[in-house]
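Here's what the structure looks like:
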């Protein structure tokens with residue numbers, strides 16, 4: 138009997154070897170709740186809406202899923218405030234065609250050459266299952282999420298400019314991320330499987346660092362000292378942008394490369410941490426730490 142759990146969340150590919158996720162070192166480690174959410178979305182054929190702090194692994198989840206299932210590169214769409222739902226399917230470079238027409242370029246007589254297939258459109262047109270990432274949907278105009286779900290529900294679209302029509306033969310897996318910058322419409326939320334990725338506990342963060350850096354690469358005492366200072370920094374009252382997993386990995390990498398000793402972290406105030414520019418991203422937080 139085939140298991141309903143297609144996604145294991147352990148970073149192993151279809152052949153049992155480590156899944157390569159966008160060139161990142163180490164395996165993507167998903168907790169049990171995230172594994173359940175992904176498999177729920179796969180079973181019911183609905184998009185998975187993933188929220189959580191910036192840097193908590195929302196975007197990398199799409200790559201980990203594609204790698205574990207052997208579905209090739211992720212088809213990614215990075216949302217902007219001026220996007221419409223159609224832009225996830227295709228765009229037409231009217232300006233380039235106009236320019237070519239102005240200069241007498243013969244390519245202007247073939248308008249179909251100016252069509253650019255975007256993530257969801259490429260997946261629907263394709264003949265195999267793919268993972269589609271729609272990143273930071275909360276940046277889009279308010280109508281975008283509901284219109285987007287209409288396109289995903291139908292799994293077909295047309296290009297009226299040329300009379301083309303396409304229908305999916307292999308339904309893509311859609312991962313949608315949000316940084317919760319604004320409330321998403323209720324109809325949109327009802328049609329998604331939802332999951333919030335909490336910030337990792339210390340033991341899990343320890344395992345993530347070892348995966349990303351390589352087991353044994355970071356001296357044990359240095360890693361413990363770095364985690365102590367990292368969590369202390371996140372707990373500073375009034376901090377605007379708490380450093381997340383991505384910042385921690387960047388910081389530990391430079392600490393290791395520079396040969397920083399654990400003792401230099403253990404005795405340092407937060408404002409005197411070496412290479413703190415990898416952790417602190419606003420002027421307000423820099424000044425705040427200087428008073429610690």
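Residue numbers (my numbering): 138 to 429.
Even for Gly, the Cβ is constructed at its ideal location relative to N, Cα and C.
Rounded Cβ spacing between residue i and residue j (contact assumed at less than 8 Å)
| i | j | result |
| --- | --- | --- |
| residue 269 | residue 311 | 5 Å |
| residue 275 | residue 317 | 7 Å |
| residue 185 | residue 421 | Going by Cβ atoms, the distance from residue 185 to residue 421 rounds to 34 Å, so no, they are not a contact pair. |
| residue 447 | residue 381 | As shown, the chain starts at 138 and ends at 429. That puts residue 447 outside it, with no answer to give. |
| residue 402 | residue 366 | 5 Å |
| residue 175 | residue 202 | 6 Å |
| residue 338 | residue 362 | Between residue 362 and residue 338 the Cβ distance is about 18 Å, and since that is not below 8 Å, they are no contact. |
| residue 407 | residue 364 | That belief does not hold up - the Cβ atoms of residue 407 and residue 364 are roughly 14 Å apart, past 8 Å. |
| residue 355 | residue 386 | About 10 Å separates the two Cβ atoms, so there is no contact after all. |
Residue from the options with nearest C-alpha to residue i
| i | options | result |
| --- | --- | --- |
| residue 226 | 166, 356, 376, 289 | 289 |
| residue 321 | 285, 255, 368, 307 | 285 |
| residue 393 | 406, 379, 411, 405 | 411 |
| residue 368 | 384, 264, 171, 187 | 384 |
| residue 357 | 397, 418, 196 | 397 |
| residue 344 | 163, 154, 151, 153 | 163 |
| residue 325 | 373, 313, 266 | 313 |
| residue 409 | 395, 419, 428 | 428 |
| residue 189 | 415, 335, 404, 418 | 335 |
| residue 147 | 159, 166, 154 | 166 |
| residue 315 | 293, 246, 363, 216 | 216 |
| residue 219 | 142, 281, 260, 210 | 281 |
| residue 249 | 363, 235, 237, 298 | 298 |
| residue 135 | 206, 202, 229, 256 | In the structure as shown, the chain begins at 138 and stops at 429. Residue 135 is therefore absent and cannot be evaluated. |
| residue 373 | 341, 389, 425, 353 | 425 |
| residue 389 | 359, 375, 301, 400 | 359 |
| residue 379 | 242, 232, 413, 347 | 413 |
Sequence-distant residues of its chain with Cβ nearer than 7 Å to residue i (five each side left out)
| i | result |
| --- | --- |
| residue 182 | 308 |
| residue 155 | 148, 149, 164 |
| residue 377 | 419, 421, 422 |
| residue 237 | 244, 245 |
| residue 305 | 261, 292, 293 |
| residue 283 | 322, 324, 325 |
Where the beta strand (DSSP E) through residue i begins and ends
| i | result |
| --- | --- |
| residue 332 | 330 to 334 |
| residue 296 | 293 to 296 |
| residue 410 | Segment: none, residue 410 is in no beta strand (DSSP E) and carries neither H nor E. |
| residue 317 | Premise fails: residue 317 is in no beta strand (DSSP E) and is neither H nor E. |
| residue 179 | Not the beta strand (DSSP E): residue 179 falls in the alpha helix (DSSP H), residues 169 to 181. |
Cβ shell of residue i (< 8 Å), same chain only, five flanking positions each side left out
| i | result |
| --- | --- |
| residue 138 | Only weak support is given to the placement of residue 138: the predicted model assigns it a pLDDT of 45, under 50, and the question is left unresolved by the model. |
| residue 157 | 150, 204 |
| residue 197 | 158, 159, 161, 165 |
| residue 405 | 366, 411 |
| residue 295 | 301, 302, 303 |
Residues near residue i by beta carbon distance below 6 Å, same chain, minus five either side
| i | result |
| --- | --- |
| residue 395 | none |
| residue 417 | 423 |
| residue 179 | 143 |
| residue 211 | 199, 200, 203, 268, 270 |
| residue 254 | 227 |
| residue 169 | none |
Start and end residues, alpha helix (DSSP H) containing residue i
| i | result |
| --- | --- |
| residue 345 | 339 to 350 |
| residue 302 | That residue, residue 302, is in no alpha helix (DSSP H); its beta strand (DSSP E) goes 301 to 304. |
Interface flag, residue i vs chain C, CB-CB below 8 Å
| i | result |
| --- | --- |
| residue 306 | Absence of chain C from the displayed structure is noted, only one protein chain being present. |
Inset, instruction - Note down, one range per segment and in chain order, each alpha helix (DSSP H) of at least 4 residues found wholly within the region 193 to 218. - result: 195 to 206
Legend entry - Contiguous beta strand (DSSP E) assignments of at least 3 residues, all confined to the region 229 to 290: Counting only runs of 3 or more, we get 252 to 254, 268 to 272.
Inset, instruction - Scan the region 350 to 383 and note each continuous alpha helix (DSSP H) run of 4 residues or more that stays entirely inside, going in chain order. - result: 357 to 371
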